[in-house]
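Residue numbers (full-length UniProt numbering): 1 to 593.
Every residue gets a Cβ at the ideal spot worked out from N, C-alpha and C, and that includes glycine.
Remarks on the structure that follows.
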């Protein structure tokens, strides 16, 4: 009892802690569920009873239709038998060619007739079709159709379905119609037996097209002895794997009853075929009716679920109208927690929530301004650091070059001294560029060419170089001093330690609406671990030239955005390819589209 009280208190506390929107939504939903449950139970009971009544009525109509179709078919074949009977009686003396021709016309007019024959009471064939050789070991006088015709003369009898064994090579499943008649033979009246075999396949197809539900079926018995004439599972009946309670069925001429003799509850519907004494028995399984009830229950359950969802939506909408301003403020605060400082709450009222929203908007605006100011300060700091780094590179290069000039002057290499001094002056002229950060591609290539001239002399022709550019690319604009650090890296770490002479290839082209520089060498390549750290890691702390490469990458991305910069491919012992992607600019202030 105490446990129940504790659970009740816990449930009450949980309910109290919920929001107003939840309480309104839950209340509307619970009321709707209660009403729908009552309506659903009433509808289910009504529909279930209707389903059972429809099943009983439908089975009766189907069996009645089968009975009608079978009677129509049997009437048609009976009329054929009567026609043959009249032709045979009027065809005296028998046999004769005229009678055989008439019988052949009737025989060919119907595909369901397998054979026609006239026998003496001793079993001797008088005439018949088809003109096939008869089996010698067939005992006609012992067959049921023959004995029925002899014992009850002038009465048309229908046999049970059986395999025809009169003719050699013919083994068809037939129903035999037989009748004892009197014919004139050799001028004297003589008792004879007239036989017409009808292919049972026609009737079999008529029955197989019928189904009572998914598992139901129709079978036929002989009302005199209860022999099964037709059953869709005839083989199972013969070997004893299926049982039909024909004893109970023989007690009914027509009507319906429930049977549980096979262990399953089944609805049995019976109709007797006139004149031939056959009973048509329809079998349907009650569990299919239960399945129909389940479908009805499932439909009502889906309907109930749909109504509950609809009520939930309506109640949620109504409760949201009440708590919408607070929800909006809560959602905005959550976005600010996630880092979105561009949020702004629309204020439509002057109540407490409206005043709180105005204060919130003001707070977010102040935070956004402070963040923008901090970003501008950080970018300015980064640009300053990069400029300082660039200013450190030029004196280092100047120092090395002047040392080389001094050595060559001491060695009497005046031509090389002149070439180096000339190239050095052009190199620094372009480096200064009157303080401009943006120069043409033509000037950038000239700058790196002067650098390569100096380095080639310093390294005593350790390498060759090729500079190529598309004509359209020469007048494009680029950040200055991009290529020199890349070429320096190719010399110091790709070619300097090679045994053979190296090659540096520099190209400028337009691709995909962008400007592309390529610096390629056939040097030693970059190890994978160092290549991975070269642009983003700590390679600068290990090798000085890494400062220049990363400097170029950062300058490009800082000036033009994340989609531009360097892309490096390298294989050891094969060389390195550095691609420099820049926006396509044709003048200082605009970008070509």
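query	result
Please state whether the Cβ-Cβ distance between residue 202 and residue 112 is less than 9 Å.	yes
Return the first residue and the last residue of the alpha helix (DSSP H) that residue 489 is part of.	483 to 490
Which residue from 482, 575 and 557 puts its Cα closest to that of residue 528?	575
Would you mind reading off the limits of the beta strand (DSSP E) that contains residue 112?	Element bounds for residue 112: n/a, residue is neither H nor E.
What do you get for residue 97, buried or exposed, if any count of 16 or more other CB atoms within 10 angstroms of its CB means buried?	exposed
Leaving out the 5 sequence neighbours to the left and right, which residues in its chain are closer than 8 Å to residue 154 when beta-carbon positions are compared?	179, 180 and 181
Is the CB-CB distance between residue 103 and residue 116 below 9 Å?	yes
Grab me the residues of residue 504's own chain with a C-beta within less than 8 Å of its C-beta, minus the 5 sequence neighbours each way, in chain order.	452, 463, 464, 465, 466, 487, 490, 491, 495, 519, 520 and 521
Between residue 172 and residue 114, how many whole angstroms is the CB-CB distance? I'm expecting something under 8 Å.	5 Å
Using 9 Å as the threshold, is the C-beta distance between residue 186 and residue 145 below it?	no
Assuming contact is defined by CB atoms lying nearer than 9 Å, are residue 132 and residue 168 in contact in what I supplied?	yes
Once DSSP output is grouped into helix, strand and coil, what is the label at residue 558?	helix
Under the assumption that residue 422 contacts residue 457 (Cβ atoms under 8 Å), give the Cβ distance between them as a whole number of angstroms.	Rounded, the Cβ-Cβ distance is 11 Å, inconsistent with contact.
Comparing C-alpha positions only, which one of 229, 565 and 284 sits nearest to residue 256?	284
Run through DSSP, which three-state label would residue 31 get?	helix
Tell whether a beta-carbon distance below 9 Å holds between residue 470 and residue 508.	yes
Is it the case that the Cβ atoms of residue 482 and residue 583 are separated by a distance below 9 Å?	no
Quick check on the burial criterion: 16 or more other C-beta atoms within 10 angstroms. Buried or exposed for residue 368?	exposed
What do you get for residue 302, buried or exposed, if any count of 16 or more other CB atoms within 10 angstroms of its CB means buried?	exposed
Does the segment 61 to 71 come close enough to the segment 262 to 276 to have 3 or more Cβ pairs within less than 8 Å?	yes
Could you pull out every residue in the same chain whose Cβ sits closer than 7 Å to the Cβ of residue 150, ignoring the five residues on either side in sequence?	121, 180 and 193
Kindly identify the DSSP beta-bridge partner or partners of residue 468.	507
My output table needs one value for residue 279: the three-state DSSP class, helix, strand or coil.	strand
When you compare only the Cα positions, how much space is there between residue 360 and residue 376?	25 Å
Please work out which residues of its chain come closer than 7 Å, Cβ to Cβ, to residue 667, disregarding the five sequence neighbours upstream and downstream, and give them in chain order.	There is no way to answer for residue 667, as the model of the chain reaches only from 1 to 593.
Taking its Cβ as the centre, do 16 or more other Cβ atoms sit within 10 Å of residue 249, making it buried, or is it exposed?	buried
Is residue 494 helix, strand or coil when you go by DSSP?	helix
What first and last residue would you give for the alpha helix (DSSP H) that runs through residue 601?	The requested residue 601 does not occur in the structure, where the chain is confined to residues 1 to 593.
For residue 227, does the three-state DSSP call read helix, strand or coil?	coil
In the DSSP assignment, what are the bridge partners of residue 55?	Paired residue(s): none; residue 55 is not in a bridge.
Please state the DSSP three-state secondary structure of residue 36.	helix
Less than 8 Å between C-beta atoms, sequence neighbours within five positions excluded: which residues of the same chain meet that for residue 258?	265, 266, 267, 268 and 286
If you check the beta carbons only, do residue 240 and residue 288 fall under 9 Å apart?	no
For residue 536 and residue 23, I'd like the C-alpha separation in whole angstroms.	55 Å
Report the CB separation of residue 534 from residue 556 in whole angstroms; it is logged as a contact under 8 Å.	That belief does not hold up - the Cβ atoms of residue 534 and residue 556 are roughly 15 Å apart, past 8 Å.
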